[in-house]
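Position one of the sequence shown corresponds to residue 59 (the numbering used here), numbered consecutively onward. Backbone N, C-alpha and C define an ideal beta-carbon position, used for all residues, glycine too.
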Amino acid sequence: MEQEYLLNLLYVVAFFFGGAAWAIGPVIISRLFAPRTLQPQTNSIYECGMQPIGEAWIRFGAVYYLYALIFLAFAVDVLFLFPVALIYAQEVILGAAWLDFVVIFLFIDTLALAVVYAWKKGVFQWERKVYNPR
């Protein structure tokens, strides 16, 4: 019993030190290999090496956020549908799948109505804005 307790304690300590090394290791590695001088391009708004056009504080249209929310909703829905489809496939084999089919159909139908609503609101039509330097 005492030996099993010590072995479990050893596992906990090893995982603790492994997690600490995993968390602190990248910081130490970046301190060792990072350049010490700053390049002039890295002091810009975006560190891609290109000169920025305009200011950093620009307004994004509400359409962009609606588009992002629709994308997020569909990503989450796909994550929901994979396990449901697996369970539905098992229940089809057993022969008790009508209620699950109705639930999945209502779920996908609700998603389709959301897409139709967004389409009618014009979320999927982006107007291209041209930047005019002053």
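Collapsed DSSP secondary structure at residue i in the structure displayed
| i | result |
| --- | --- |
| residue 113 | coil |
| residue 92 | coil |
N-terminal and C-terminal residue of the alpha helix (DSSP H) that residue i is part of
| i | result |
| --- | --- |
| residue 182 | That residue, residue 182, is in no alpha helix (DSSP H); it is neither H nor E in DSSP. |
Integer-rounded CB distance, given that residue j should sit under 8 angstroms from residue i
| i | j | result |
| --- | --- | --- |
| residue 135 | residue 169 | 6 angstroms |
| residue 70 | residue 125 | Their Cβ separation, rounded to whole angstroms, is 46 angstroms, which puts residue 70 and residue 125 out of contact at 8 angstroms. |
| residue 162 | residue 142 | 6 angstroms |
| residue 175 | residue 158 | At roughly 26 angstroms, the Cβ-Cβ gap does not stay under 8 angstroms, so residue 175 and residue 158 are not in contact. |
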